[in-house]
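Engineer: Encoded as structure tokens, here's the structure I'll be asking about.
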Amino acid sequence: MRILRNTLLLSVLLVALSGCTGTSQQDGANAEQLNDGNPAPSFNLVDLEGNQQNLADYAGQKVYVKFWASWCSICLSGMEELNTLAGEDTDFKVLTIVSPDSNAEKSSESFAKWFKGFPDAENITVLLDEGGTFFDEYGVIGYPTSVYIGSDGTLVKSQTGHFSNEEIKASFESIQ
């Protein structure tokens, strides 16, 4: 009876954690959504320094946006790699978005305090999506989610799961 109960509890826990997925490009084909040439939803969000940032600020540039959460272990395990990517000289801008007070994320104040102590994140731009408005508009279904925006502002594709810097760069090679 005890084994059955523990198995059931483990199953429930795995289902609860499934929103923070670990798919890769090889096994994550179902996690990729291609866009029909529609523009990416515009955003006007505040970064951790209190500066307003709008998608229009990056007009003419390709943009990589990573939606993530402080409680997502897969997201956290990829932060050092993301920091490296954000510090490289690439033909795209790297932004990240978290949704304070939404989807079990900390409040803005708690998140900012927590992130300031995060190691190896000096190159990462974090935008705060209060209440998760853009989480919904971008169709995010789990963490982490990668969004690829073309230089013309088109939302090219989004993918759920962790992707290496090489995979991200390869995706941008075919994006104008």
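Numbered by mature numbering (1 follows the signal peptide of the UniProt record, and there is no 0), the letters in the sequence shown go through residues -26 to -1, 1 to 150 in order. Here a beta-carbon is modelled for each residue, glycine too, at the ideal position from N, C-alpha and C. Only a predicted model underlies this, so the values are computations on that prediction, with no experimental measurement involved.
Would you kindly report the start and end of the unbroken alpha helix (DSSP H) that includes Leu129?
Structural biologist: Position 155 of the sequence shown, counted from the first residue, corresponds to residue 129. Element bounds for Leu129: not the alpha helix (DSSP H) but the beta strand (DSSP E), 129 to 134.
Engineer: Go through its chain and collect everything with a Cβ distance to Phe109's Cβ below 8 Å, but skip five positions before and after it.
Structural biologist: In the sequence shown, the residue the question calls residue 109 occupies position 135. Correct list, in chain order: Phe41, Ile71, Ser73, Ser76, Asn77, Asp103.
Engineer: Which full runs of the alpha helix (DSSP H) of 4+ residues lie inside the region 15 to 95, going along the chain?
Structural biologist: DSSP runs (the alpha helix (DSSP H)) wholly in the region 15 to 95: 47 to 51, 53 to 61, 82 to 90.
Engineer: Can you say whether Ser132 is buried or exposed, counting buried as having 16 or more other CB atoms within 10 angstroms of its CB?
Structural biologist: Walking along the sequence shown from the start, residue 132 turns up at place 158. Under this definition Ser132 is a buried residue.
Engineer: Enumerate in chain order the residues of its own chain whose CB-to-CB distance from Thr(-20) is below 8 Å, with the five nearest sequence positions on each side excluded.
Structural biologist: Taking the sequence shown and counting its residues from 1, one reaches residue -20 at position 7. Reliability of the predicted coordinates at Thr(-20) is poor, the pLDDT of 42 falling under 50, and no value is obtained from them.
Engineer: Less than 9 Å between the beta carbons of Leu59 and Val37, yes or no?
Structural biologist: As a first step, residue 59 must be located in the sequence shown, where it is residue number 85. As a first step, residue 37 must be located in the sequence shown, where it is residue number 63. For Leu59 and Val37, no; Cβs fall outside 9 Å.
Engineer: Assign Glu23 to buried or exposed, taking buried as 16 or more other Cβ atoms, counted over all protein chains shown, within 10 Å of its Cβ.
Structural biologist: On the sequence shown, residue 23 is found 49 positions in, with the first residue counted as 1. With fewer than 16 Cβ atoms within 10 Å of its Cβ, Glu23 is classed as exposed.
Engineer: Grouping DSSP H, G and I as helix and E and B as strand, with all else coil, what is Thr99?
Structural biologist: Taking the first residue of the sequence shown as position 1, residue 99 is located at position 125. Three-state result, Thr99: coil.
Engineer: Counting along the chain, where does the beta strand (DSSP E) carrying Ile123 start and finish?
Structural biologist: Looking up residue 123 in the sequence shown gives position 149. Unbroken beta strand (DSSP E) run through Ile123: 119 to 123.
Engineer: What do you reckon, are the CB atoms on Phe92 and Met53 nearer than 9 Å?
Structural biologist: Within the sequence shown, residue 92 is the residue found at index 118, counting from 1. Within the sequence shown, residue 53 is the residue found at index 79, counting from 1. In this structure, Met53 lies closer than 9 Å to Phe92 by Cβ.
Engineer: Taking Ala14 as the reference, give the member of Asn25, Gln35, Gln26, Asp21 with the closest Cα.
Structural biologist: If you number the sequence shown from 1, residue 14 lands on position 40. Closest by alpha carbon: Gln35.
Engineer: Give every residue of the same chain whose Cβ lies closer than 7 Å to the Cβ of Ser145, excluding the five residues on either side of it in the sequence, and list them in chain order.
Structural biologist: For the purposes of this step, residue 145 is taken as the residue at position 171 of the sequence shown. Same-chain partners within the cutoff: Tyr122.
Engineer: Using 9 Å as the limit for Cβ to Cβ distance, is Ser81 near chain D?
Structural biologist: No chain D appears in this structure, which consists of one protein chain only.
Engineer: Between Ala3 and the rest of its own chain, which residues show a CB-CB distance below 8 Å, the 5 nearest in sequence each way excluded?
Structural biologist: Along the sequence shown, one-based indexing puts residue 3 at 29. Confidence in Ala3 is poor, its pLDDT being 41 and thus under 50, which makes the residue's placement unreliable; the coordinate value appears in the next sentence. Excluding positions up to five away in sequence, the list is empty.
Engineer: One question on the structure: do Asp21 and Val114 come within less than 9 Å of each other, judged by their Cβ atoms?
Structural biologist: The residue you call residue 21 lines up with position 47 of the sequence shown. The residue you call residue 114 lines up with position 140 of the sequence shown. In this structure, Asp21 sits away from Val114, with a CB-CB distance that is not shorter than 9 Å.
Engineer: Under the rule that 16 or more other beta-carbon atoms within 10 Å means buried, what is Ala43, buried or exposed?
Structural biologist: Here residue 43 is taken as the residue at index 69 of the sequence shown, counted from 1. Buried.
Engineer: Can you list, in chain order, the residues of its chain with a C-beta nearer than 8 Å to that of Asp94? Leave out the 5 residues immediately preceding and following it.
Structural biologist: Here the question's residue 94 lines up with position 120 in the sequence shown. Excluding positions up to five away in sequence, the list reads Met53, Glu54, Asn57.
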